[in-house]
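Have a look at the structure below before the remarks.
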Amino acid sequence: MFYRSVFPRDLLSELDRLQREMQQSYEFSPSIRGLARGGFPAMNVGNTPHSVEIYAFAPGIDPAAIDVQLEKGVLTIAGERASLMPPKEANATVHIDERFSGRFRRVVTLSDDADPNGVSAKYRDGVLHVSVQRRQAAQPRRISIE
Amino acid sequence: MSDNTNVTRKPEAPASDMALLPPVDVIEDAGGITLYADLPGVPKDKLNLQIEGDTLTIEGEVSLDVPEGMESSHAEVNLPRYRRMFTLSKELDANKVSAEFNQGALKLRIPKAEHAQPRKIEIAVT
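Residue numbers (full-length UniProt numbering), protein chains in the order written: chain A, 1 to 146; chain B, 1 to 126.
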């Protein structure tokens with residue numbers, strides 16, 4: 001598994017975060033799919049009353065090469081990012097090698113009210129934004145009191 | 001007992017100053033150095049590259065399409081800014097840096113100055 005964050009913060013805020021994570025680790029129970037954080041692409045998830053918004057931070061990829069699938073309430077984002085490392089025979093030295101390359105796959109379990117017919121995906125500035133609509137019935141309604 | 005509160009924590013750095021560290025690849029060949037950096041979510045006009053003296057600063061503001069009223073439930077990119085600095089060595093020509101930025105992926109090429117280009121040195125054996 002990945003133990004290093006894709007986007008670490010600077011040292012002081014890293015120490016701050018470490019302190020918080022140690023406090024939280026007492027109630028740590030990992031997901032069945034491994035650590036929830038740290039893989040590629042990095043992910044943000046948000047909710048609105050009408051939709052679930054998923055942001056996958058996958059820069060420098062041809063959007064045609066990203067595979068997004070929604071099956072049985074599980075959203076899968078998969079693809080491959082080519083390595084930019086020089087070939088062995090090139091007379092070059094690699095000083096820092098931190099960027100992800102190779103095949104990737106990340107999975108998000110959606111809530112039960114996600115509508116498989118209401119999915120849209122956009123790729124802009126290296127971020128894949130998947131928006132999944134919620135089913136009408138599940139949306140909050142104001143109930144009037146007679 | 002005194003009321004001295006010096007032991008309490010100092011206030012954290014202002015939120016506007018905290019930034020994520022973008023991952024980079026740095027590759028050197030005979031002609032110079034190529035740097036690749038991942039800055040997903042940064043539009044072209046929010047990318048800021050700066051060379052001051054021998055310090056290279058890469059900075060970018062994240063801008064996402066967030067629908068109104070969205071509540072974040074899980075965030076791995078949890079600051080709206082990337083920043084990373086490098087110290088350049090003096091054989092690099094800071095005036096001839098070229099940059100490409102495509103879908104959140106930055107490519108910087110920093111050539112070596114003319115006088116620093118490699119030359120094969122003949123060893124005279126007498």
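No residue lacks a Cβ here, since even glycine has one placed at the ideal position from N, Cα and C.
Cβ-based burial, residue i [other Cβ within 10 Å; buried from 16]
| i | result |
| --- | --- |
| residue 125 (chain B) | exposed |
| residue 43 (chain A) | buried |
| residue 65 (chain A) | exposed |
| residue 146 (chain A) | exposed |
| residue 53 (chain A) | buried |
| residue 32 (chain B) | buried |
| residue 76 (chain B) | buried |
Residue i versus residue j: straight-line alpha-carbon distance, rounded
| i | j | result |
| --- | --- | --- |
| residue 112 (chain A) | residue 81 (chain A) | 32 angstroms |
| residue 108 (chain B) | residue 94 (chain A) | 15 angstroms |
| residue 85 (chain A) | residue 95 (chain B) | 25 angstroms |
| residue 124 (chain A) | residue 78 (chain A) | 17 angstroms |
| residue 40 (chain A) | residue 55 (chain A) | 12 angstroms |
| residue 89 (chain B) | residue 116 (chain A) | 54 angstroms |
| residue 57 (chain A) | residue 40 (chain B) | 6 angstroms |
| residue 114 (chain A) | residue 73 (chain A) | 7 angstroms |
| residue 110 (chain A) | residue 136 (chain A) | 16 angstroms |
| residue 126 (chain A) | residue 103 (chain B) | 4 angstroms |
| residue 61 (chain B) | residue 134 (chain A) | 30 angstroms |
| residue 103 (chain A) | residue 67 (chain A) | 11 angstroms |
| residue 46 (chain B) | residue 86 (chain B) | 20 angstroms |
| residue 111 (chain B) | residue 87 (chain A) | 20 angstroms |
| residue 98 (chain A) | residue 36 (chain B) | 10 angstroms |
| residue 16 (chain A) | residue 68 (chain B) | 31 angstroms |
| residue 19 (chain A) | residue 96 (chain A) | 28 angstroms |
| residue 83 (chain A) | residue 14 (chain A) | 28 angstroms |
| residue 91 (chain B) | residue 92 (chain A) | 17 angstroms |
| residue 123 (chain B) | residue 113 (chain B) | 24 angstroms |
| residue 73 (chain B) | residue 21 (chain A) | 17 angstroms |
| residue 89 (chain A) | residue 121 (chain B) | 22 angstroms |
Three-state secondary structure assigned by DSSP to residue i
| i | result |
| --- | --- |
| residue 21 (chain A) | helix |
| residue 63 (chain A) | helix |
| residue 71 (chain B) | strand |
| residue 56 (chain A) | strand |
| residue 115 (chain A) | strand |
| residue 78 (chain A) | strand |
| residue 76 (chain B) | coil |
| residue 136 (chain A) | helix |
| residue 115 (chain B) | helix |
| residue 12 (chain A) | helix |
| residue 99 (chain B) | strand |
| residue 122 (chain A) | strand |
| residue 72 (chain A) | coil |
| residue 120 (chain B) | coil |
| residue 88 (chain A) | coil |
| residue 93 (chain B) | coil |
| residue 29 (chain B) | strand |
| residue 65 (chain B) | coil |
| residue 38 (chain B) | strand |
| residue 54 (chain B) | coil |
Closest Cα partner of residue i within the set the options
| i | options | result |
| --- | --- | --- |
| residue 65 (chain B) | A:140, A:121, A:145, A:143 | A:121 |
| residue 24 (chain B) | B:53, B:51, B:57, B:30 | B:57 |
| residue 10 (chain A) | B:97, B:83, B:38, B:87 | B:83 |
| residue 101 (chain A) | A:60, A:46, A:15 | A:60 |
| residue 108 (chain A) | A:97, A:98, A:90, A:75 | A:75 |
| residue 106 (chain A) | A:88, A:12, A:142, A:45 | A:45 |
| residue 141 (chain A) | A:92, A:17, A:50 | A:50 |
| residue 22 (chain B) | B:105, B:72, B:70, B:53 | B:105 |
| residue 48 (chain B) | B:38, B:55, B:59, B:54 | B:59 |
| residue 93 (chain B) | B:81, B:115, B:73 | B:115 |
| residue 55 (chain B) | B:97, B:122, B:117 | B:97 |
| residue 81 (chain B) | B:118, B:32, B:38 | B:38 |
| residue 71 (chain B) | A:21, A:90, A:48 | A:48 |
Cβ shell of residue i (< 6 angstroms), same chain only, five flanking positions each side left out
| i | result |
| --- | --- |
| residue 43 (chain B) | 63 |
| residue 151 (chain A) | Nothing can be reported for residue 151 (chain A): it is not among the residues displayed for chain A, which extend from 1 to 146. |
| residue 129 (chain A) | 55, 122 |
| residue 27 (chain B) | 34 |
| residue 63 (chain A) | 123 |
| residue 100 (chain B) | 107 |
| residue 118 (chain B) | 30 |
| residue 51 (chain B) | 94 |
Sequence-distant residues of the same chain with beta carbon closer than 7 angstroms to residue i, five excluded per side
| i | result |
| --- | --- |
| residue 79 (chain B) | 18, 19, 20 |
| residue 7 (chain A) | 42 |
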